[in-house]
Amino acid sequence: MKTLTALAPNGATLSGKAGQGSSTPQKWILLRAVEEAREPLGLKSTTLNVLRTMISFVTSDQIALDQDDHHICFASNAAIAKRTHVSVQTVERHISTLVELGIIRRVMSANGKRWARRDRQGRVVTATGLSLMPLSERHAEFIQEAQGHADRVLKFTVLRDKVSAALARLRELLANDAKISGLMVTVRNALRRKPDANLLRELLTEISVEISEITQADTENLRASGNEIEGHKEDSLNLEVKKEKLSQIQVSTDQMERCFPRLCSELRFAKDQHHCDRLMDDIAEYLRLGQTWYAMKSTLGPAIRFIVLGYIFQRAEKIQSPGAYLISLLAKIEKGELAPMAMLSRTSNAT
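In terms of this note's numbering, the sequence shown opens at residue 209 and continues consecutively.
Structure below.
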């Protein structure tokens with residue numbers, strides 16, 4: 209499982225481990241952990257805004273027990289509402305939610321009021337109100353919740369990509385889409401909404417069966433006309449020769465830097481080829497290229513992978529769906545409609 213990292217407002221790093229070292233994580237880092245886990249915790253944006261405002265009333269940079277004003281927000285609901293730009297009733301409702309979830313804790317006086325007692329120097333010596341200590345105490349738990357949610361989202365995204373790629377492959381195999389029009393409508397409707405993972409698995413199985421039946425029929429037809437095909441084994445029509453030629457393509461360092469400066473800048477610190485592959489995988493995940501990226505790693509050489517990734521990364525802001533764009537590029541390359549080396553010249557002309 210990957211370690212979840214994020215940046216706090218001041219640029220600090222949010223670590224997946226709490227309580228290590230001599231210092232407590234800063235309060236905004238603690239808040240970021242809760243924000244990352246908002247979906248599994250069931251938190252709304254207004255609830256997070258109220259929590260953020262309460263943290264802003266704490267004068268210390270860290271949430272700690274050493275002084276009351278380092279962990280207790282003794283501001284009134286009216287003051288919190290004014291700073292959050294919501295009603296007092298809304299603040300009360302969301303504070304109750306935070307208490308129920310164990311994200312904050314009430315430390316109230318006998319009369320239920322929040323107050324602070326100060327010494328002659330104006331320092332708070334004791335206070336009652338809403339303690340933010342659970343943010344620190346449960347920091348590691350919130351990190352784990354966020355990690356688990358991120359992993360589930362990634363698995364679901366990969367499953368969606370597999371369904372999209374399988375449907376594209378099926379359409380490529382069929383000359384007449386009408387034969388699978390009902391299946392295509394079902395898949396498209398499912399992908400537009402937030403489908404259930406089980407439904408996606410069922411659709412993937414159904415599409416795979418269709419592909420299997422078509423390819424099996426094609427294989428039988430090829431065997432039946434084997435003698436005829438034997439006389440026409442030209443390199444341009446032989447898929448194995450095509451794949452071999454694609455795997456032998458090489459790109460010079462100068463070409464890489466000239467055509468794909470953005471990708472080269474990300475890979476400049478790679479220690480070796482293995483490290484470079486890992487960095488490229490990270491960029492592919494950032495672009496949401498999905499399972500298609502990992503599938504092409506087993507069929508295409510490193511130069512083609514670099515060209516394709518660099519080509520998409522260089523245009524990332526202009527591409528609405530990089531995952532679908534990758535599927536389209538690979539289909540054109542396999543059909544011979546797009547030569548990988550031509551992608552270098554296209555990028556050079558664009559720049």
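By construction, the Cβ of each residue, glycine as well, lies at the ideal position given by its N, Cα and C atoms.
Owing to the predicted nature of the structure, the values given are computational and were not obtained by experimental measurement.
Among the options, the one whose alpha carbon lies nearest that of residue i
{"i": "Ala-373", "options": "His-279, Lys-479, Gly-498 and Pro-510", "result": "Gly-498"}
{"i": "Gly-509", "options": "Ser-420, Pro-548 and Asp-327", "result": "Pro-548"}
{"i": "Phe-514", "options": "Phe-282, Leu-487 and Val-296", "result": "Leu-487"}
{"i": "Ile-351", "options": "Ala-241, Ile-541 and Ser-536", "result": "Ala-241"}
{"i": "Leu-273", "options": "Val-332, Lys-363, Glu-247 and Ser-389", "result": "Val-332"}
{"i": "Thr-255", "options": "Ile-280, Thr-292, Phe-282 and Leu-367", "result": "Thr-292"}
{"i": "Met-504", "options": "Ile-535, Thr-261, Gly-518 and Ser-529", "result": "Ile-535"}
{"i": "Gln-522", "options": "Ser-529, Asp-489 and Leu-471", "result": "Leu-471"}
{"i": "Ala-539", "options": "Gly-518, Ile-527, Leu-552 and Trp-501", "result": "Trp-501"}
{"i": "Gln-355", "options": "Asp-269, Ile-311 and Glu-247", "result": "Glu-247"}
{"i": "Asp-330", "options": "Asp-269, Asp-277, Ile-271 and Val-307", "result": "Per the sequence shown, the amino acid found at residue 330 is Gly instead of Asp. Residue Asp-277 is the option with its Cα nearest to Gly-330."}
{"i": "Glu-345", "options": "Ile-271, Arg-466 and Arg-260", "result": "Ile-271"}
{"i": "Thr-507", "options": "Gln-528, Tyr-533, Ile-541 and Ile-520", "result": "Ile-541"}
{"i": "Ile-263", "options": "Met-341, Val-294, Lys-321 and Lys-252", "result": "Met-341"}
{"i": "Lys-363", "options": "Gln-528, Pro-530 and Arg-496", "result": "Arg-496"}
{"i": "Ile-303", "options": "Asn-319, Leu-251 and Ala-318", "result": "Leu-251"}
Backbone secondary structure at residue i - three-state DSSP
{"i": "Ile-419", "result": "helix"}
{"i": "Thr-559", "result": "Here the model assigns Thr-559 a pLDDT of 45, short of 50, so the residue's position is not dependable and the matter cannot be decided."}
{"i": "Thr-334", "result": "strand"}
{"i": "Ile-527", "result": "coil"}
{"i": "Arg-240", "result": "helix"}
{"i": "Arg-496", "result": "coil"}
{"i": "Ala-272", "result": "coil"}
{"i": "Gln-329", "result": "coil"}
{"i": "Ser-339", "result": "strand"}
Distance between residue j and residue i (C-alpha atoms, nearest Å)
{"i": "Thr-365", "j": "Val-393", "result": "20 Å"}
{"i": "Val-516", "j": "Phe-265", "result": "50 Å"}
{"i": "Met-316", "j": "Ala-335", "result": "9 Å"}
{"i": "Trp-323", "j": "Gly-337", "result": "7 Å"}
{"i": "Ala-398", "j": "Leu-375", "result": "12 Å"}
{"i": "Glu-545", "j": "Ala-511", "result": "18 Å"}
{"i": "Phe-468", "j": "Cys-484", "result": "15 Å"}
{"i": "Ile-491", "j": "Phe-477", "result": "14 Å"}
{"i": "Ala-348", "j": "Thr-413", "result": "39 Å"}
{"i": "Trp-236", "j": "Thr-423", "result": "56 Å"}
{"i": "Glu-421", "j": "Ala-405", "result": "25 Å"}
{"i": "Ala-289", "j": "Leu-378", "result": "56 Å"}
{"i": "Val-258", "j": "Thr-267", "result": "16 Å"}
{"i": "Thr-305", "j": "Ile-311", "result": "9 Å"}
{"i": "Ile-415", "j": "Arg-301", "result": "48 Å"}
{"i": "Gln-481", "j": "Leu-475", "result": "10 Å"}
{"i": "Val-296", "j": "Ser-284", "result": "9 Å"}
{"i": "Arg-325", "j": "Arg-260", "result": "24 Å"}
{"i": "Phe-282", "j": "Leu-343", "result": "16 Å"}
{"i": "Glu-244", "j": "Pro-233", "result": "16 Å"}
{"i": "Ile-419", "j": "Arg-313", "result": "57 Å"}
{"i": "Lys-450", "j": "Leu-238", "result": "A caution first: Lys-450 carries a pLDDT of 46, below 50, which makes its placement in the model unreliable, though a value can still be read off. When rounded, the distance between both Cα atoms is 54 Å."}
Counted within 10 angstroms of its Cβ, other Cβ atoms place residue i as buried (16 or more) or exposed
{"i": "Leu-411", "result": "buried"}
{"i": "Ala-524", "result": "exposed"}
{"i": "Tyr-494", "result": "exposed"}
{"i": "Arg-360", "result": "exposed"}
{"i": "His-279", "result": "buried"}
{"i": "Lys-543", "result": "exposed"}
{"i": "Glu-353", "result": "buried"}
{"i": "Lys-370", "result": "buried"}
{"i": "Lys-441", "result": "Residue confidence is low: Lys-441 scores 42 on pLDDT, short of 50, so the model does not pin down where it sits. Its coordinate-derived value is still stated next. Classification of Lys-441: exposed, given that the 10 Å Cβ count is below 16."}
{"i": "Glu-308", "result": "exposed"}
{"i": "Arg-328", "result": "exposed"}
{"i": "Arg-400", "result": "exposed"}
{"i": "Arg-409", "result": "exposed"}
{"i": "Ser-339", "result": "buried"}
{"i": "Glu-380", "result": "exposed"}
{"i": "Glu-465", "result": "exposed"}
{"i": "Gly-390", "result": "exposed"}
Residue range of the unbroken beta strand (DSSP E) whose run includes residue i
{"i": "Val-315", "result": "313 to 315"}
{"i": "Arg-326", "result": "323 to 326"}
Delimiting residues of the alpha helix (DSSP H) encompassing residue i
{"i": "Arg-476", "result": "Counting along the chain, Arg-476 falls outside any alpha helix (DSSP H), and DSSP gives it neither H nor E."}
{"i": "Ala-286", "result": "285 to 292"}
{"i": "Arg-396", "result": "389 to 400"}
{"i": "Asn-257", "result": "253 to 265"}
{"i": "Ser-460", "result": "Unbroken run through Ser-460: none, as it is neither H nor E."}
{"i": "Thr-305", "result": "296 to 308"}
{"i": "Asp-359", "result": "347 to 381"}
{"i": "Glu-247", "result": "246 to 249"}
{"i": "Phe-521", "result": "510 to 522"}
Residue i CB to nearest heavy atom of the ligand MN below 8 Å
{"i": "Ile-527", "result": "No copy of the ligand MN occurs in the structure displayed, which carries no ligand at all."}
is_contact[residue i, chain B] using C-beta, thresh 9 Å
{"i": "Thr-423", "result": "Among the chains of the structure shown, chain B does not appear; only one protein chain is present."}
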